[in-house]
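Structure, as C-alpha cells:
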C-alpha cells in the first residue's frame, strides 16, 4: 500500500505539472493570439493613416483644380472684356468701309452689295464717313470737274486731216529725209 500512496502523489504531481504545462501552453497561445491581434491592430492603424493621407492629397488636388478652374474663368472673362471693345471697333471700321463703298457705288452707278448692308445694319443703316475719308472723297469729286480742263488745253489745236471748204489752207512743209525724199507714212 505504501507504494500506492507514494505513487499517488507522484501521479498527482505529474498531473499537476501536466496541468501547469497545459496552462502555460494556453497562456503562451493566448499571448501569441494577443500579439497577433496587436499586429493586426497596428496594420489596421497604418492602413487607416495611409487612407487619411490619400484623402488629404485628394482634397488638396481638388482645391488646386478648383483654384485653376477659377483662374481660367477669370482669364476668360478678362479676354471677353478685352474682345468687346475690339469687336466694336472692328464693326465700326467695317461699317465705315461699307459706307465708303456705298458712296462710290452711288457715284459711279455700280451694283449694290448685300454684304455692305449687313455691315451697316448694326449702326442703323447709315454712318457718317470719318473726316479723313470724307476729305479723300471730296478731293476726288473736285478732280472730276478738273478733268475737263484737259480738253480745254487742246481747244487751240487744229486737228484737220483734209481740206475744209471755206477755210484757208496753210502750207506746212512736209518733213524730208536726209537724201531728199518725202515721208511716205503721212
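In this note's numbering, the protein residues as written are 5 to 190. Ideal Cβ placement from N, Cα and C applies to all residues, glycine included. Given the structure is predicted, the values throughout are model-derived calculations rather than measurements.
Item	Value
Identify, in the order they occur along the chain, each residue of the same chain with its Cβ nearer than 8 Å to the Cβ of residue 123, setting aside the five sequence neighbours on each side.	95, 98, 99, 101, 102
Using a 10 Å radius around the Cβ and a threshold of 16 neighbouring Cβ atoms, would you call residue 118 buried or exposed?	exposed
By how many angstroms is the C-alpha of residue 91 removed from the C-alpha of residue 140?	26 Å
Do residue 137 and residue 104 have their C-beta atoms within less than 7 Å of each other?	yes
For the putative contact between residue 116 and residue 125, defined by C-beta atoms under 8 Å, what is the C-beta separation to the nearest angstrom?	Contact doesn't hold; Cβ gap of about 14 Å is too wide.
Between which two residues does the alpha helix (DSSP H) harbouring residue 124 extend?	118-124
Can you tell me the Cα-Cα spacing of residue 146 and residue 93, whole angstroms?	Reliability fails at residue 146, whose pLDDT of 49 lies under 50, so the model's placement of it is uncertain and the value that follows must be treated cautiously. Computed Cα separation, rounded: 31 Å.
Under 7 Å Cβ to Cβ from residue 120, same chain only, skipping five residues before and after it: list those, please.	102, 105, 106
Expressed to the nearest angstrom, what Euclidean distance is found between the alpha-carbon atoms of residue 199 and residue 54?	Since the first residue shown for the chain is 5 and the last is 190, residue 199 is missing from the structure and cannot be characterised.
Just verifying my parser: in three-state terms, what is the DSSP assignment at residue 114?	coil
Roughly how many whole angstroms lie between the Cα atoms of residue 36 and residue 69?	49 Å
In whole angstroms, give me the CA-to-CA distance for residue 17 and residue 27.	15 Å
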